[in-house]
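A.B. asks: Would you mind keeping the following structure in view while I ask a few things?
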Amino acid sequence: MNEKELLEELNIHQIELEQQNLELLASQQELEKSNARYRDLFNTAPVGYLICDSQGTIHDINQTAARMFGLPYSDIINKNITLLIWPDDQDEYYLLNQSSSTGDSSTIQSLSLRMKKADETYFHAHLNFFSEPSGDRRIAVSDISPLKQAEEALITSQRMAAVIDFAGNASHDLSNSLQGIMNYIELASLKARNESPSHRGSNYYEAIQTIVEKMTERIRELQNLSRGFHGESEKSELDLSAMLSSLWESYGRTISPHIEKIGKIEDNLLVSGHEEDLKQVVLLLLKNGENSIKGAGSLTLKAYREDQWIVVAVKNTGEGMDKETARRIFEPFFSTGGYKTGLNYGLTGVYSIIEEHGGKIKVIYTEKGKGTVIEIRLPYLN
Numbered sequence: 001m002n003e004k005e006l007l008e009e010l011n012i013h014q015i016e017l018e019q020q021n022l023e024l025l026a027s028q029q030e031l032e033k034s035n036a037r038y039r040d041l042f043n044t045a046p047v048g049y050l051i052c053d054s055q056g057t058i059h060d061i062n063q064t065a066a067r068m069f070g071l072p073y074s075d076i077i078n079k080n081i082t083l084l085i086w087p088d089d090q091d092e093y094y095l096l097n098q099s100s101s102t103g104d105s106s107t108i109q110s111l112s113l114r115m116k117k118a119d120e121t122y123f124h125a126h127l128n129f130f131s132e133p134s135g136d137r138r139i140a141v142s143d144i145s146p147l148k149q150a151e152e153a154l155i156t157s158q159r160m161a162a163v164i165d166f167a168g169n170a171s172h173d174l175s176n177s178l179q180g181i182m183n184y185i186e187l188a189s190l191k192a193r194n195e196s197p198s199h200r201g202s203n204y205y206e207a208i209q210t211i212v213e214k215m216t217e218r219i220r221e222l223q224n225l226s227r228g229f230h231g232e233s234e235k236s237e238l239d240l241s242a243m244l245s246s247l248w249e250s251y252g253r254t255i256s257p258h259i260e261k262i263g264k265i266e267d268n269l270l271v272s273g274h275e276e277d278l279k280q281v282v283l284l285l286l287k288n289g290e291n292s293i294k295g296a297g298s299l300t301l302k303a304y305r306e307d308q309w310i311v312v313a314v315k316n317t318g319e320g321m322d323k324e325t326a327r328r329i330f331e332p333f334f335s336t337g338g339y340k341t342g343l344n345y346g347l348t349g350v351y352s353i354i355e356e357h358g359g360k361i362k363v364i365y366t367e368k369g370k371g372t373v374i375e376i377r378l379p380y381l382n
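Set out below in structure tokens:
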């Protein structure tokens, strides 16, 4: 190859390199534009987005999420996501995070909880988790506070309507019960003239006592149902261990011999509350559990401390509930033949009492034919 041919070949290579450089530059510019469009879409999305590693450290967050928390980007990046979750909801996030780390990475998992804002208030959020094979989490955050407020307003309206309806039904029943008392008293007076002094009117007096007990329960149910609208009254320190032990001992004497009773109550379970109200709640759950057992079975009362909560669990091996019943069991006036209060009304009053004490109550297990576990959580009193 002579010098002229070599120069021509070098010129061709130079032109090709320049063309490649132009193409690379164009590709780089297009990539930068694409990244800019992505960042723009990422930051202006209607929901918040966070990208975390498997330990929860936040590596990226969009402007929508930053506005939700009321914090600048720099105050959030490289922080742990748990710092943005309301303290009382940390356990729920932890459980979902654990399950998402061991589950199918293609599965989207969801959770609703409260998230903390810069001013130390919270907003209700719905989180969707996307797990990457690398262990990273992509989390979409939606502010559902308006929805929660609407739900709470609806529930309040329904409860108010339920209270009014209940008051009408209760007054009707009490009127009938009082009339029954008057009738039995009249019959007892007539019968007493013809019986010996030792047997005068005894059956009628027993009937009167039964009616009076029913009236008392109806009034208590009405008070419990309407409790949520009258605010909180003063509470005092309560040794839940002593109260539950005493209640379990006395109630155990009345349980059918075909039902095994199991009590596991830890010591020093202190809460702030009303003893009679909480006693009534546990007693109702025990009665419900016993009533649901047909024939032989077991009834269990457990109480123990778990972190900052006192947990009271009532377990029975009775008929159990379907999912719809378990979902609605705390609604006003909802009842089912196998799992009910003594008045055939739902556990709304129980729910109101526990809510007033800053606690939680829910059905944590139920299965038709196998039984039910209802769990109460009350704040531990340090």
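Counting from 1, position 252 in the sequence shown corresponds to residue 252 in full-length UniProt numbering; the numbering is continuous, with no gaps. Note that CB positions come from ideal geometry on N, CA and C, so glycine has one too.
1. Cβ atoms of residue 320 and residue 370: under 8 Å apart, would you say?
2. Is it the case that the Cβ atoms of residue 396 and residue 271 are separated by a distance below 8 Å?
3. Would you give the residue range spanned by the alpha helix (DSSP H) that residue 437 belongs to?
4. Please work out which residues of its chain come closer than 6 Å, Cβ to Cβ, to residue 20, disregarding the five sequence neighbours upstream and downstream, and give them in chain order.
5. Use the C-beta contact count for residue 143: other C-beta atoms within 10 angstroms, 16 or more gives buried, fewer gives exposed.
6. Give me the residue from 38, 81, 362 with the minimum Cα distance to residue 59.
7. Is residue 299 near residue 259, with beta carbons less than 8 Å apart?
8. Pair every Cβ in the stretch 308-324 with every Cβ in the stretch 289-298, then say whether three or more of these pairs are closer than 8 Å.
9. Need the endpoints of the alpha helix (DSSP H) that residue 65 sits in, please.
10. In terms of alpha-carbon separation, which member of 297, 382, 327 lies closest to residue 309?
11. Residue 246 and residue 215: beta carbons closer than 8 Å?
12. Keeping to the same chain, check which residues put their C-beta closer than 6 Å to that of residue 74; ignore five residues upstream and five downstream.
13. Using 10 angstroms around the beta-carbon of residue 68, count the other beta-carbons present and answer buried if the total reaches 16, otherwise exposed.
14. How about the stretch 109-124 and the stretch 78-97: do they share at least three Cβ pairs that are nearer than 8 Å?
15. Report the rounded CA-to-CA distance for residue 379 versus residue 54, giving the unit in angstroms.
16. Could you check what DSSP says for residue 87 in three-state terms: helix, strand or coil?
17. What are the start and end residues of the alpha helix (DSSP H) that includes residue 285?
18. What is the rounded straight-line gap between the Cα of residue 138 and the Cα of residue 34?
19. Assign residue 32 to buried or exposed, taking buried as 16 or more other Cβ atoms, counted over all protein chains shown, within 10 Å of its Cβ.
20. Buried or exposed for residue 38, going by 16 or more other Cβ atoms inside 10 Å?
21. Does DSSP put residue 236 in a helix, a strand or coil?
22. Pull up the distance between the alpha-carbon of residue 373 and that of residue 191, whole angstroms please.
23. Can you tell me which residues form a DSSP beta bridge with residue 115?
24. Less than 8 Å between the beta carbons of residue 366 and residue 313, yes or no?
25. I believe residue 129 touches residue 84 by the beta-carbon criterion, under 8 Å. Please report the beta-carbon distance rounded to the nearest angstrom.
26. Beta-carbon separation of residue 375 and residue 364 under 8 Å?
27. Compare the C-alpha of residue 66 against each of 141, 121, 134 and name the closest.
C.D. replies: A quick look at the data gives this:
1. The count along the sequence shown starts at 1 and reaches residue 370 at position 370. The count along the sequence shown starts at 1 and reaches residue 320 at position 320. Contact: yes.
2. Given a span of 1 to 382 for the chain in the structure shown, any question on residue 396 remains unanswerable.
3. The displayed coordinates of the chain run from 1 to 382. Any statement about residue 437 would go beyond what the structure contains.
4. Translated into the one-based positions of the sequence shown, residue 20 becomes position 20. So no residue of the chain qualifies.
5. For the purposes of this step, residue 143 is taken as the residue at position 143 of the sequence shown. The residue in question, residue 143, is buried, as its Cβ has 16 or more Cβ neighbours within 10 Å.
6. Position 59 of the sequence shown, counted from the first residue, corresponds to residue 59. Cα-wise, what sits closest to residue 59 is 81.
7. As a working note, residue 299 is residue 299 in the sequence shown. As a working note, residue 259 is residue 259 in the sequence shown. Their beta carbons are under 8 Å apart, which means residue 299 touches residue 259 by this criterion.
8. yes
9. Looking up residue 65 in the sequence shown gives position 65. It spans 63-69 - the alpha helix (DSSP H) in which residue 65 sits, taken as one unbroken run.
10. Along the sequence shown, read from residue 1 onward, the residue named residue 309 stands at position 309. It is 382 whose Cα lies nearest to the Cα of residue 309.
11. Taking the first residue of the sequence shown as position 1, residue 246 is located at position 246. Taking the first residue of the sequence shown as position 1, residue 215 is located at position 215. It is not a contact, given that the beta carbons lie outside the stated cut-off.
12. Within the sequence shown, the letter at position 74 stands for residue 74. Taken in chain order, the list of residues that qualify is empty.
13. Mapped onto the sequence shown, residue 68 falls at position 68. Looking at its Cβ environment, which holds 16 or more other Cβ atoms inside 10 Å, residue 68 is buried.
14. yes
15. Taking the first residue of the sequence shown as 1, we reach residue 379 at position 379. Taking the first residue of the sequence shown as 1, we reach residue 54 at position 54. Approximately 30 Å, taken between the alpha carbons.
16. If you number the sequence shown from 1, residue 87 lands on position 87. Helix.
17. The residue given as residue 285 occupies position 285 in the sequence shown. Here the alpha helix (DSSP H) through residue 285 covers 275-292.
18. For the purposes of this step, residue 138 is taken as residue 138 along the sequence shown, with counting starting at 1. For the purposes of this step, residue 34 is taken as residue 34 along the sequence shown, with counting starting at 1. So the alpha carbons of these two residues sit roughly 20 Å apart.
19. The count along the sequence shown starts at 1 and reaches residue 32 at position 32. Exposed is the call here.
20. Residue 38 sits at position 38 when you count from the first residue of the sequence shown. With fewer than 16 other Cβ atoms within 10 Å, it is exposed.
21. Taking the sequence shown and counting its residues from 1, one reaches residue 236 at position 236. Reduced to three states, the DSSP call for residue 236 is strand.
22. Walking along the sequence shown from the start, residue 373 turns up at place 373. Walking along the sequence shown from the start, residue 191 turns up at place 191. So the alpha carbons of these two residues sit roughly 49 Å apart.
23. Looking up residue 115 in the sequence shown gives position 115. Residue 115 is bridged to 85, 123.
24. As a first step, residue 366 must be located in the sequence shown, where it is residue number 366. As a first step, residue 313 must be located in the sequence shown, where it is residue number 313. Contact flag unset, no.
25. As a working mapping, residue 129 is identified with position 129 in the sequence shown. As a working mapping, residue 84 is identified with position 84 in the sequence shown. Actually they are not in contact, since the Cβ atoms of residue 129 and residue 84 sit about 15 Å apart, beyond 8 Å.
26. Walking along the sequence shown from the start, residue 375 turns up at place 375. Walking along the sequence shown from the start, residue 364 turns up at place 364. Yes, Cβ-Cβ distance for residue 375 and residue 364 is below 8 Å.
27. Along the sequence shown, read from residue 1 onward, the residue named residue 66 stands at position 66. That would be 141, whose Cα lies nearest to the Cα of residue 66.
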